[in-house]
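S.K.:
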Amino acid sequence: MELIKTDLVVLGGGPGGYTAAFYAADKGRKVVLVEQEERLGGVCLNRGCIPSKAYLHAAKLMTEARESAHRGIVFGEPQVDLNQLRAWKNSILDKLATGVAGLARARGVEVMRGRGHFEDSKTLRVETSAGQKFLSYEQIIVAVGSRPAMPRAFDLGNPRIMTSTEALEVEEIPAELLIVGGGYIGMELGTVYATLGSRVTVMEALPSVLAGADADLARPVLKYTQKAFKEVRVRAKVLKMATAGRQIRVVSETDGQQREELYDRVLVSVGRAPNTTDLGLEQTQVTRDEKGYIEVDAQQRTSDPRIYAIGDVVGGALLAHKASREARVAVDAICGEPSTSEDVVIPAVVFTDPEIAWCGLTETEAKQKGIHVQIAKFPWSASGRALTFDRPDGVTKLVIEPETERVLGVGITGHGAGELIAEGVLAVEMGATARDLAESTHPHPTLSETLQECAEVFYGCATHTATRRHPGNQPSEDVTQSGG
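According to my numbering, the sequence shown is numbered sequentially starting from 7.
1. On the premise that Leu223 lies in contact with Thr419, defined as a C-beta separation below 8 angstroms, what is that separation, rounded to the nearest angstrom?
2. I want to know whether the segment 429-439 touches the segment 465-472 - three or more CB-CB distances under 8 angstroms.
3. For Leu102, which residues from the same chain have a beta carbon less than 8 angstroms from its beta carbon, with the 5 sequence-adjacent residues on both sides left out?
4. By DSSP's criteria, Ser142 is part of a beta bridge. Which residues make up the other side?
5. Thinking C-beta only, is Pro226 closer than 7 angstroms to Asp399?
6. State the CB to CB distance for the pair Ile300 and Thr308, rounded to an integer number of angstroms; the pair is presumed to be in contact (CB under 8 angstroms).
7. Just the Cα atoms here: how many angstroms apart are Arg77 and Phe395?
8. Given a cut-off of 7 angstroms on the beta-carbon distance, is the pair Val132 and Met118 in contact?
9. Flag this pair as yes or no: are the beta carbons of Gly417 and Lys403 separated by less than 7 angstroms?
10. Taking 7 angstroms as the threshold (C-beta atoms), are Val37 and Leu17 in contact?
11. Report yes if the CB atom of Gly415 is closer than 7 angstroms to the CB atom of Thr456, and no otherwise.
12. Can the beta-carbon of Ser204 be found closer than 7 angstroms to that of Pro165?
13. Once the 5 residues before and after Gly251 are set aside, which same chain residues still bring their CB inside 6 angstroms of it?
14. Exposed or buried, which one is Glu281 when buried takes at least 16 other CB atoms within 10 Å?
15. Could you tell me the boundaries of the beta strand (DSSP E) in which Cys365 lies?
16. On the premise that Glu177 lies in contact with Leu62, defined as a C-beta separation below 8 angstroms, what is that separation, rounded to the nearest angstrom?
17. Restricting to Cα atoms, I'd like to know which of Gly322, Arg265 and Glu288 is closest to Asp303.
18. Use the C-beta contact count for Ala472: other C-beta atoms within 10 angstroms, 16 or more gives buried, fewer gives exposed.
19. How would you call Ile79, buried or exposed, if buried means at least 16 neighbouring beta carbons within 10 angstroms?
20. Can we say the segment 13-30 touches the segment 330-346, given the rule of at least three CB pairs closer than 8 angstroms?
21. Does the segment 265-276 come into contact with the segment 312-332, if we say contact requires no fewer than three beta-carbon pairs (one atom in each stretch) closer than 8 angstroms?
22. May I ask you to verify whether the segment 234-244 touches the segment 182-199, counting CB pairs closer than 8 angstroms and requiring at least 3?
23. Should Gly54 be labelled buried (16 or more other beta-carbon atoms within 10 Å of its own) or exposed?
24. Have a look at Asp284, Arg121 and Lys66 and flag the residue whose alpha-carbon is nearest the alpha-carbon of Gln42.
25. Compute every distance between the C-beta of Glu70 and the non-hydrogen atoms of the ligand NAP, then say whether any falls below 6 angstroms.
26. Helix, strand or coil for Ala26, going by three-state DSSP, please let me know.
27. For Ala211, I'd like the list of residues in its chain whose CB is within less than 6 angstroms of its CB, leaving aside the five on either flank, ordered along the chain.
28. If we ignore side chains and look at the alpha-carbon of each, how far apart do Ala75 and Leu67 end up?
29. First and last residue of the beta strand (DSSP E) that includes Met118?
30. Pull up the DSSP beta-bridge partners for Tyr465, would you.
31. If you follow the beta strand (DSSP E) that Gln2 is part of, which residue opens it and which one closes it?
32. Give the secondary structure of Ser97 by DSSP, where H, G and I count as helix, E and B as strand, and everything else as coil.
33. For the alpha helix (DSSP H) holding Thr249, just list the boundary residues, first then last.
34. Just how far apart, CA to CA, sit Asn96 and Val49?
Here's what the structure looks like:
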């Protein structure tokens, strides 16, 4: 058995994996990146973040065309060529994947195509098209990602029952589409299909959809779904599915009432599962939790001293930017530099219509943990820029520690919320106060001003709202107490 020796192996070529490989190469390490698929980029680039955002942009254009008549601009009903839409989406993926491959070559990172399997803690067997290869390394970073979860009861072998992977191919526009699961993936894809013409029904077992978001941030999205979706059912459980000709028969229960319905397609979006099976981890000292996620410390070390893990395989928020952050933490730790994943501010964005974004402590979390905070809100109906976008339905929200006036969390709902949240991340990460935001001059007219004015609301002096501090310097009516 011939061993190929290297400093570092990165197993998995998604956002976390290629970030780790590139960062380690930049630090002078000899790196082999093992990826079983033909293209680098992982789920995010090829079957997740990027293709879904391409479709959401197309959906946004269609919505704007339909809603322009009151502005004096009248379009005909948008016509969709699915083949051309998919080709456009694929051209984006091709360009990005080609770019990542080029960056690997430029850094001298060797990309080995094949499936990796641990022989022991210091050896990885790679099954390639040319046969088996064996890698010997000082350290390895496991970044193999996750896959859509499919409950056995729903796995009928019927292509009309889809995961997000199949749904992103948009093979057809089903007349009746059921989405099982009202999380961010289900709601984003529901937005796409509803805009394209499907009658979308969402069933969510929890008391609300988008359960991770504060209720006031999710409220404008729920208002949109009342108009765009056929129905959103909460506290709803799918009990059974069966093939019925070219449709799917679904038996569900909501508030104790059962019903049987037919759908043309079903999208199952009930979470994701880590790709930690069949890796040979049992040949190492790596431990996993009851759900299969690899257990790591704050430096992404596993219980095996040679093995690190990042991204979806370690659980928590299954987000590409979290994986990329953990990649740098792991590489820094390998290089003996100080690093930690603890207390890192990871933003979340849901690209629905309107978008929702938040970071740091939420109001809901403050209540659950008994943390006393004050909440300041600024309605986008008072934003001139939001009105020029014809989207006054947004809100900007700050979660503030009363004693220090430090910003603990930021939430935004509205047009471009995903772009705006970066300022919130910086504020929370650096321990900024509401005063810092209020006294930072923001350009006018922009949506970013809503962050400044929201901080001004906290002090009762927002220019474009009528709120003022009460006598005795008490919070205004737009500043509420929460938690504690």
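The C-beta atom is built at its ideal place from N, Cα and C for all residues, glycine as well.
M.R.: Walking through what the data contain:
1. Counting from 1 along the sequence shown, the entry for residue 419 is found at position 413. Counting from 1 along the sequence shown, the entry for residue 223 is found at position 217. Right, their Cβ atoms sit about 5 angstroms apart.
2. no
3. Residue mapping note: residue 102 aligns to position 96 of the sequence shown, counting from 1. Same-chain partners within the cutoff: Gly47, Leu51 and Ile56.
4. To locate residue 142, count along the sequence shown from 1; it is residue 136. DSSP, once it has assigned bridges, lists Lys11 and Thr129 as partnering Ser142.
5. Taking the sequence shown and counting its residues from 1, one reaches residue 399 at position 393. Taking the sequence shown and counting its residues from 1, one reaches residue 226 at position 220. Closer than 7 angstroms, so yes.
6. The residue labelled residue 300 in the question sits at position 294 within the sequence shown. The residue labelled residue 308 in the question sits at position 302 within the sequence shown. Yes, they are in contact, since the Cβ atoms of Ile300 and Thr308 sit about 6 angstroms apart, within 8 angstroms.
7. Taking the sequence shown and counting its residues from 1, the one referred to as residue 77 is at position 71. Taking the sequence shown and counting its residues from 1, the one referred to as residue 395 is at position 389. Cα to Cα, the separation comes out at about 11 angstroms.
8. As a first step, residue 132 must be located in the sequence shown, where it is residue number 126. As a first step, residue 118 must be located in the sequence shown, where it is residue number 112. A contact, by the Cβ cut-off of 7 angstroms.
9. In the sequence shown, residue 417 corresponds to position 411, counting from 1. In the sequence shown, residue 403 corresponds to position 397, counting from 1. Contact: yes.
10. As a working note, residue 17 is residue 11 in the sequence shown. As a working note, residue 37 is residue 31 in the sequence shown. Going by C-beta atoms, Leu17 is not nearer than 7 angstroms to Val37.
11. The sequence position of residue 415 within the sequence shown is 409, counting from 1. The sequence position of residue 456 within the sequence shown is 450, counting from 1. No. Outside cutoff.
12. For the purposes of this step, residue 204 is taken as the residue at position 198 of the sequence shown. For the purposes of this step, residue 165 is taken as the residue at position 159 of the sequence shown. No. Outside cutoff.
13. Residue mapping note: residue 251 aligns to position 245 of the sequence shown, counting from 1. The answer is none, since no qualifying residue turns up.
14. Translated into the one-based positions of the sequence shown, residue 281 becomes position 275. According to the sequence displayed, residue 281 carries Asn and not Glu. Classification for Asn281: buried.
15. If you number the sequence shown from 1, residue 365 lands on position 359. Run containing Cys365: Glu361 to Gly366, per the beta strand (DSSP E) assignment.
16. Within the sequence shown, residue 62 is the residue found at index 56, counting from 1. Within the sequence shown, residue 177 is the residue found at index 171, counting from 1. The Cβ separation is near 18 angstroms, so there is no contact.
17. Numbered from 1 along the sequence shown, position 297 holds the residue referred to as residue 303. Checking every option, the nearest Cα to that of Asp303 belongs to Gly322.
18. In the sequence shown, the residue the question calls residue 472 occupies position 466. With fewer than 16 Cβ atoms within 10 Å of its Cβ, Ala472 is classed as exposed.
19. Here residue 79 refers to the residue found at position 73 when the sequence shown is read from its first residue. With fewer than 16 Cβ atoms within 10 Å of its Cβ, Ile79 is classed as exposed.
20. yes
21. no
22. yes
23. For the purposes of this step, residue 54 is taken as the residue at position 48 of the sequence shown. Buried, since its Cβ has 16 or more Cβ neighbours within 10 Å.
24. Taking the first residue of the sequence shown as position 1, residue 42 is located at position 36. It is Arg121 whose Cα lies nearest to the Cα of Gln42.
25. This structure simply doesn't include the ligand NAP, nor any ligand for that matter.
26. In the sequence shown, the residue the question calls residue 26 occupies position 20. Reduced to three states, the DSSP call for Ala26 is helix.
27. Walking along the sequence shown from the start, residue 211 turns up at place 205. Excluding positions up to five away in sequence, the list reads Lys243.
28. The residue labelled residue 75 in the question sits at position 69 within the sequence shown. The residue labelled residue 67 in the question sits at position 61 within the sequence shown. Between Ala75 and Leu67, the C-alpha separation is close to 14 angstroms.
29. Within the sequence shown, numbered from 1, the residue matching residue 118 stands at position 112. It spans Glu116 to Arg119 - the beta strand (DSSP E) in which Met118 sits, taken as one unbroken run.
30. Sequence index remark: in the sequence shown, residue 465 carries index 459 (1-based). DSSP output for Tyr465 lists no bridge partner at all.
31. Since the first and last residues shown for the chain are 7 and 490, residue 2 lies out of range.
32. Taking the first residue of the sequence shown as 1, we reach residue 97 at position 91. Ser97 falls in the helix class under three-state DSSP.
33. Within the sequence shown, residue 249 is the residue found at index 243, counting from 1. Not the alpha helix (DSSP H): Thr249 falls in the beta strand (DSSP E), residues Ala242 to Ala250.
34. On the sequence shown, residue 96 is found 90 positions in, with the first residue counted as 1. On the sequence shown, residue 49 is found 43 positions in, with the first residue counted as 1. Straight-line Cα distance between these residues: approximately 14 angstroms.
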